[in-house]
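For the sequence shown, our numbering begins at 10 and goes up steadily by one.
Every residue gets a Cβ at the ideal spot worked out from N, C-alpha and C, and that includes glycine.
Predicted, not measured: the structure shown is a model, and the values here were computed from it.
One structure is given below, encoded as C-alpha cells.
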Amino acid sequence: MMQQPGSNMDRHCRAVAFFSMSVLGIALCAGAFGAEKHPNIIFIMGDDLGWSDVGYNGAKFYETPNFDRLAADGMKFNRAYSGGPNCAPTRACIMTGTYTPRHQIWTPGGNSKGKNNEMKLLVPSLGNAKSNTFPSKTELDPSVISLAEVLKPAGYKTAMLGKWHLGDSEPQGFELFSADGTDAPYKDCY
C-alpha cells in the first residue's frame, strides 16, 4: 500500500531517516574531529650539562640563548634526578625508565674513555675501594623495552638524533636512527 505524501506514516519515516542520518553524521564527525591528538614530544638532552650551566637558571659564564628560548616556550625539569654523573648512564635511564643499578651502564663506553674492563664505579663506602667495584656494561641490553618502543604503538613517530653511547646495538624502536654507538664523529655536524 502506497503512503500518501504528508501522512503520519510518511512524516514518521522521514523523522526516523533524518534522526538516523544525524546520528550517523555526528558519529562520523566525532571520529574525525574527536580523535585524540597526541602532543609532540621533543626531548633534548644537553650532554654533561649541569642545572646551573644554562642562562634560564642564572648562569652568567655560559651563553645558552637557544636553551633559554626553549625553556621559556616549552617545559623544563626543575626537580629531576640524574641517573649518573655523565652522559651514558643518564641516557640509559631516560631510554629505559630504569635506574642505573638496573641497566648497569655506569660509565660511557668507547675507546676514547679507556679500556672497558677498567670502566668501573668505585664504591669506597664498602671498604677496600680497589676490590669493591661494580662492573659497567657498555651496551644497552636489546631485550630492554625502550622509550621509543613504548611510544610507537601509541601512534608516535620516533627518531634518535645525535649521540647514543649505549653500544652498537640496534636502534631499539626508533624509526629514524641517526646516532653512532660509541665515539663521536657527529660532533662537528652542526
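Q. Does the beta carbon of Leu175 fall short of 7 Å from some heavy atom of the ligand SAM?
A. Among the components of this structure there are no ligands whatsoever, and the ligand SAM is therefore not found.
In angstroms with no decimal places, state the Cα-to-Cα distance between Phe54 and His47. Counting from 1 along the sequence shown, the entry for residue 54 is found at position 45. Counting from 1 along the sequence shown, the entry for residue 47 is found at position 38. The amino acid occupying residue 54 in the given sequence is Met; Phe does not appear at that position. Going from the Cα of Met54 to the Cα of His47 covers about 21 Å.
Q) Would you call Ser187 buried or exposed, if buried means 16 or more other Cβ atoms sit within 10 Å of its Cβ? A) Translated into positions along the sequence shown, residue 187 becomes position 178. Looking at its Cβ environment, which holds fewer than 16 other Cβ atoms inside 10 Å, Ser187 is exposed.
| said: Restricting to Cα atoms, I'd like to know which of Ile154, Glu184, Pro180, Asn75 is closest to Tyr1. | reply: Lying outside 10 to 199, the shown extent of the chain, residue 1 is not represented and no answer is given.
Using the Cα positions of Cys102 and Val63, report the straight-line distance between them to the nearest angstrom.
Your numbering for residue 102 matches position 93 in the sequence shown. Your numbering for residue 63 matches position 54 in the sequence shown. If you take the alpha carbons of Cys102 and Val63, they lie about 22 Å apart.
| query | At which residues does the alpha helix (DSSP H) containing Ala89 begin and terminate? | reply | Numbered from 1 along the sequence shown, position 80 holds the residue referred to as residue 89. No alpha helix (DSSP H) holds Ala89; DSSP gives it neither H nor E.
| What does a CB cutoff of less than 7 Å around Gly182 pick up in its chain, not counting 5 residues either side in sequence? | The residue you call residue 182 lines up with position 173 of the sequence shown. Here the set comprises Ser155, Ala157, Glu158, Lys161, Thr167.
query: Taking the C-alpha atoms as reference points, what is the distance between Asp57 and Gly93?
result: The residue labelled residue 57 in the question sits at position 48 within the sequence shown. The residue labelled residue 93 in the question sits at position 84 within the sequence shown. Taking the straight line from one Cα to the other gives about 10 Å.
| said: Tell me the DSSP secondary structure of Lys161 in three-state form. | reply: As a first step, residue 161 is located in the sequence shown; it is residue number 152 there, counting from the start. Lys161 falls in the helix class under three-state DSSP.
inquiry  = Give me the residue from Val153, Leu149, Met169 with the minimum Cα distance to Gly176.
reply    = By one-based count along the sequence shown, residue 176 stands at place 167. For the residues Val153, Leu149, Met169, the minimum Cα distance to Gly176 belongs to Leu149.
field: Cβ-Cβ distance between Asn95 and Pro117 below 8 Å
entry: The residue labelled residue 95 in the question sits at position 86 within the sequence shown. The residue labelled residue 117 in the question sits at position 108 within the sequence shown. Result yes, Cβ atoms of Asn95 and Pro117 sit closer than 8 Å.
Problem set entry | Range covered by the beta strand (DSSP E) that runs through Ala68 | In the sequence shown, the residue the question calls residue 68 occupies position 59. That residue, Ala68, is in no beta strand (DSSP E); it is neither H nor E in DSSP.
Taking DSSP as the reference, what is the three-state secondary structure of Phe183?
Counting from 1 along the sequence shown, the entry for residue 183 is found at position 174. Coil at Phe183, not helix or strand.
- Backbone CA spacing between Tyr258 and Thr109 [nearest angstrom]: What is shown of the chain runs 10 to 199, which leaves residue 258 out entirely.
Determine the burial state of Pro151: buried for a count of at least 16 other Cβ atoms within 10 Å of its Cβ, exposed for fewer.
Against the sequence shown, residue 151 aligns to sequence position 142. Pro151 is exposed by the Cβ-count criterion.
- Item | Residue from Ile50, Val153, Gly171, Tyr71 with nearest C-alpha to Met104 | Along the sequence shown, read from residue 1 onward, the residue named residue 104 stands at position 95. Closest by alpha carbon: Val153.
Task: The alpha helix (DSSP H) enclosing Met104, as first and last residue numbers - done: Taking the first residue of the sequence shown as 1, we reach residue 104 at position 95. Counting along the chain, the alpha helix (DSSP H) containing Met104 begins and ends at 96-105.
> Should Ile50 go down as buried or exposed, given a rule of 16 or more other Cβ atoms within 10 Å for buried?
Replying inline: Along the sequence shown, read from residue 1 onward, the residue named residue 50 stands at position 41. Exposed.
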